[in-house]
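Asks:
In my numbering, the protein residues as written are 220 to 346.
#1: Could you say which of 271, 313 and 337 lies nearest to residue 289 if we only look at CA atoms?
#2: Compare the C-alpha of residue 238 against each of 220, 342, 344 and 314 and name the closest.
#3: Inspect the beta-carbon positions of residue 222 and residue 272 and report whether they are closer than 8 Å.
#4: Rounded to a whole number of angstroms, what is the C-alpha to C-alpha distance between residue 320 and residue 341?
#5: Compare the C-alpha of residue 254 against each of 311, 281 and 308 and name the closest.
#6: Tell whether a beta-carbon distance below 8 Å holds between residue 245 and residue 258.
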């Protein structure tokens, strides 16, 4: 077994595609529009299945905001340099919610950013 994708409901599909591709450097892998069912899907990632897991961005027609709830945590992405990655996110207009630095009580360097819908994304610096 393996993880294929994670689905996030988004309020503005193009805004989310722009964030994940332009700010986080993912590629738009494919889109599917289902007008009869009133939703559109966009799959983004650093590579396609089966070699890589993907993010499925789901836009439900007419829904521009979701309650994220208290169960959602974050998506983790490995980066070469969390400090430089945070600077690049800020330069693209993105929001850094925790600047890069070591985790409390450890040596691993992490940072957190937020996508346009409020989803948290953790950067974990490669050792």
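Beta carbons are placed, not taken as given, at the ideal position from N, Cα and C, and that holds for glycine.
Replies: Walking through what the data contain:
#1: 337
#2: 314
#3: yes
#4: Spanning the alpha carbons of residue 320 and residue 341 requires a straight line of approximately 12 Å.
#5: Ranking 311, 281 and 308 by Cα distance to residue 254 puts 281 first.
#6: no
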